[in-house]
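There are 2 protein chains.
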Amino acid sequence: MKTVTISDVATHAKVSKSTVSQYLNKRYDYMGEKTKQRIELAIEELGYQPNIVARSLKQKSTKTIGVIVANILHNFTTEVTRAIEDVCISSDYHTIICNADDDPEKEKHYIEMLRAKQVDGLIIFPTGDNRGLYEKMLKDRYPVIFLDRKVEDIPISSILLDNEMASGLAVEHFVQKGYSRIGMITTSIINHITPRLERIQGYEKAIHKEGLPFVEEYVKSAEPTNIQRVLEELLDLEEPPEAILAGNDLVLIEILKYAKQNGMKIPEDLAVIGIDDVSFASFYTPAITTVAQPTFEIGKMGAEALLDKIRNNKVEDELLNYRFDPHLMVRDSV
Amino acid sequence: MKTVTISDVATHAKVSKSTVSQYLNKRYDYMGEKTKQRIELAIEELGYQPNIVARSLKQKSTKTIGVIVANILHNFTTEVTRAIEDVCISSDYHTIICNADDDPEKEKHYIEMLRAKQVDGLIIFPTGDNRGLYEKMLKDRYPVIFLDRKVEDIPISSILLDNEMASGLAVEHFVQKGYSRIGMITTSIINHITPRLERIQGYEKAIHKEGLPFVEEYVKSAEPTNIQRVLEELLDLEEPPEAILAGNDLVLIEILKYAKQNGMKIPEDLAVIGIDDVSFASFYTPAITTVAQPTFEIGKMGAEALLDKIRNNKVEDELLNYRFDPHLMVRDSV
DNA sequence: CTGAAAGCGCTTACAG
DNA sequence: CTGAAAGCGCTTACAG
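Residue numbers (the working numbering), protein chains in the order written: chain X, 1 to 334; chain F, 335 to 668.
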């Protein structure tokens, strides 16, 4: 596979490399019509494709952004990612997605790798445990946007859900339906993940606002594999909750599995609301009431904010944290 | 953001660029211990990161492969993709995923774009309508592997499911459970997509093998948005099928939606088997019997076959079509 | 054991 | 209107 380069085209068209390059970059201003045609023909005949790697080296721009997600398993992540790609493609940027798998070490690896690959900017769902790296990017004036989570004291714009409102909507709906013993389960909070902490806070605030007693043992956090056990603990309480708010899609699924295995009827035996809309929510039996995130808008805004930074070479973050409103999708599980 | 290059490191460490490069590439053979330490220190102090773009240009390898999927919406695609990434990462290759969205034009765009970006090879779920491009890659001795589908007369290795067997397992199971009026719905076959055609063929063969009459109007194909209408047509037949084989996950979901909306009980009113295991199969009510593909193995083999081609610079395809066996996951929907 | 030089395939002032 | 030359940041024979 003998690659054909710009020199080959130049020779073939009997012009210089410079002229071919002008042609490729559509700088036709002063180019003779015949020259143009000859180059076009040569490119055609040789099947020439410009080498983007070489171009990137010279132009110091790869027209590519990186996105490092905390965990690709969440439905939220997949959808946001898709929105980011859409925006990028229509702006002629490419996207490289990496999955940090909730592991700060992997996140570090990917940040370094992507920067080494000279991507023009980064969208990160931060694990939170790489402050040094985040600060270095800031110092280097390297374009970054956080998504879904923020990191204490790191002045990088973050685009997130109004998580407190999400829990609020759910609690309010439970109460409207006559429930007062409302529990909540989230995935692990040992790493201080923003949405989880905020959703728990939002839950607590909403409970108070509704004039209900806040029962500390009604709120639990655990790794996905332990969710079912934790749920069981809740249900074994003297006064078990009659309704459960699932902190995200993974928690919801574990609750549904548990209910099925134990022959529990939803909502009769246990009412359920999940934060994050799941693919099967509408046709599950019962259809699941969820609090949906505007995933497309979040991704879109993230991508646009990053591209804006890249193009205008700006680092000063006027927006900082931007929050989107969640929406309650009322169905049959409560 | 003043980037620090290999020259800066060289100056700082008082050695030449060559020596720094040797160090970076771990060619320590004849390197003085003190030199090594000075370079190490300089790199540390300057926060130097090699520019992979420059390296790629010189080495003519980006250590990156591209994968162009036909349609990212299928569960199969997501899982295979993940397996490919796993293999690549552990071999120190990166992966760029592109979604052709079942559109040959987009596929063309991505093939050209990825080749221009100098990815070292391509895994393609071919739309089938870019024969010219496929042939050019072959002519250029450019490493490619097809996945999930094959293209008539293009001698490029393809890794696929034994699709006929998939339908066969399903039909056999229906029959065992006492069903004889068995229908099948697939997504559109106007583009002659391999798995769909083969699954229909497999269905027909199995029907014959079971000694059942083959009823032509029992097998339908349609775009996802029309699946529900097509299902309705089937059920409106004089002698409607009592069991339906869903050709893939998207078809299954439409069938489930229809059943729910029309208050049909599964399997009492309609028995269902889906080809492709869906995330919610095990905890849906009823749990859905599916024919699962070994997605991880398929992706793994695809990636390994491609990396092998890349590393050994071989084009001769001894394996050509390799097929994996599907597995019946017996649950409660039939 | 280390350095000078050429070159990967482009782009971009600049000269004419 | 077009071309010669320098340079992007590396790597790699080769010389010493």
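All residues carry an ideal CB built from backbone N, CA and C; glycine is no exception. Predicted, not measured: the structure shown is a model, and the values here were computed from it.
Opposing strand residues paired with residue i [DSSP bridges]
i, result
"VAL291/X", "ILE275/X, LEU328/X"
"SER221/X", "THR186/X"
"ARG38/X", "Paired residues: none, contrary to the question."
"PHE480/F", "ILE458/F, SER492/F"
"ASN321/X", "SER158/X"
"HIS94/X", "THR64/X"
"ASN25/X", "Paired residue(s): none; ASN25/X is not in a bridge."
"ASN99/X", "VAL69/X"
"ALA246/X", "ILE185/X, GLY274/X"
Own chain partners of residue i with C-beta closer than 8 Å, once the 5 adjacent residues on each side are dropped
i, result
"MET598/F", "TYR592, LEU604"
"PHE410/F", "ASP482, ASN582, ASP583, ASP610, GLN627, THR629"
"ASP129/X", "PRO104, GLU107, ASN191"
"GLU506/F", "ALA540, GLU544"
"LEU380/F", "VAL338, ASP342, VAL343, HIS346"
"LEU472/F", "VAL478, ILE488, PRO489, ILE490, VAL649"
Pairwise C-alpha distance: residue j and residue i
i, j, result
"ARG331/X", "PRO241/X", "20 Å"
"VAL4/X", "LYS58/X", "19 Å"
"GLY66/X", "VAL144/X", "10 Å"
"PHE617/F", "PRO155/X", "43 Å"
"ASN359/F", "LYS648/F", "26 Å"
"GLN37/X", "GLU44/X", "10 Å"
"ALA450/F", "ARG645/F", "20 Å"
"GLU40/X", "SER7/X", "14 Å"
"PRO601/F", "SER667/F", "5 Å"
"HIS443/F", "ILE406/F", "17 Å"
"ARG229/X", "VAL564/F", "43 Å"
"ARG465/F", "GLU532/F", "21 Å"
"PRO620/F", "GLU631/F", "28 Å"
"ILE84/X", "GLY302/X", "7 Å"
Neighbourhood of residue i by C-beta distance below 6 Å, restricted to the same chain and skipping five residues each side
i, result
"LYS397/F", "TYR427"
"VAL403/F", "THR411, ASN433, PHE459"
"ASP487/F", "none"
"SER514/F", "LEU546"
"ARG657/F", "LEU494, ASP496"
"TYR142/X", "none"
"ALA243/X", "PHE174, TYR179, ILE182, ALA271"
"THR623/F", "ILE607, VAL664, ARG665, SER667, VAL668"
CB contact below 8 Å: residue i versus chain X
i, result
"SER667/F", "no"
"TYR427/F", "no"
"GLN446/F", "It should be noted that the sequence gives Glu, not Gln, for residue 446/F. Yes, because at least one Cβ of chain X sits closer than 8 Å to the Cβ of GLU446/F."
"PHE617/F", "yes"
"ILE430/F", "yes"
"ILE449/F", "According to the sequence shown, residue 449/F is Arg rather than Ile. By this cut-off, ARG449/F is an interface position."
"THR629/F", "no"
"LEU590/F", "yes"
"LYS543/F", "no"
"LYS360/F", "no"
"THR396/F", "yes"
Neighbourhood of residue i by C-beta distance below 7 Å, restricted to the same chain and skipping five residues each side
i, result
"VAL453/F", "THR396, THR398, ILE399, GLY400, ILE430"
"LEU169/X", "VAL291, PRO326, LEU328"
"PHE548/F", "GLU538, ILE541, HIS542"
"ASP102/X", "ALA70, ASN71, THR127"
"THR35/X", "VAL15, THR19"
"PRO558/F", "THR521, LEU584, GLU588"
"LEU467/F", "LYS442, ILE445"
Cβ-Cβ separation, residue j to residue i (assumed contact under 8 Å), whole Å
i, j, result
"THR187/X", "SER157/X", "Their Cβ separation, rounded to whole angstroms, is 25 Å, which puts THR187/X and SER157/X out of contact at 8 Å."
"PRO660/F", "VAL612/F", "In fact, because the Cβ distance is near 14 Å, the residues do not count as touching under 8 Å."
"GLY633/F", "THR415/F", "7 Å"
"GLU135/X", "GLN383/F", "In fact, because the Cβ distance is near 16 Å, the residues do not count as touching under 8 Å."
"ILE193/X", "TYR218/X", "In fact, because the Cβ distance is near 20 Å, the residues do not count as touching under 8 Å."
"ALA166/X", "GLY202/X", "6 Å"
is_contact[residue i, chain F] using C-beta, thresh 8 Å
i, result
"PRO50/X", "yes"
"GLN118/X", "yes"
"ALA54/X", "yes"
"LEU235/X", "no"
"LYS36/X", "no"
"GLY47/X", "yes"
"LYS260/X", "yes"
"LEU306/X", "no"
"PHE280/X", "yes"
Residue i: CB within 7 Å of a non-hydrogen atom of the ligand GDP
i, result
"ALA287/X", "You won't find the ligand GDP in this model; it holds no ligand whatsoever."
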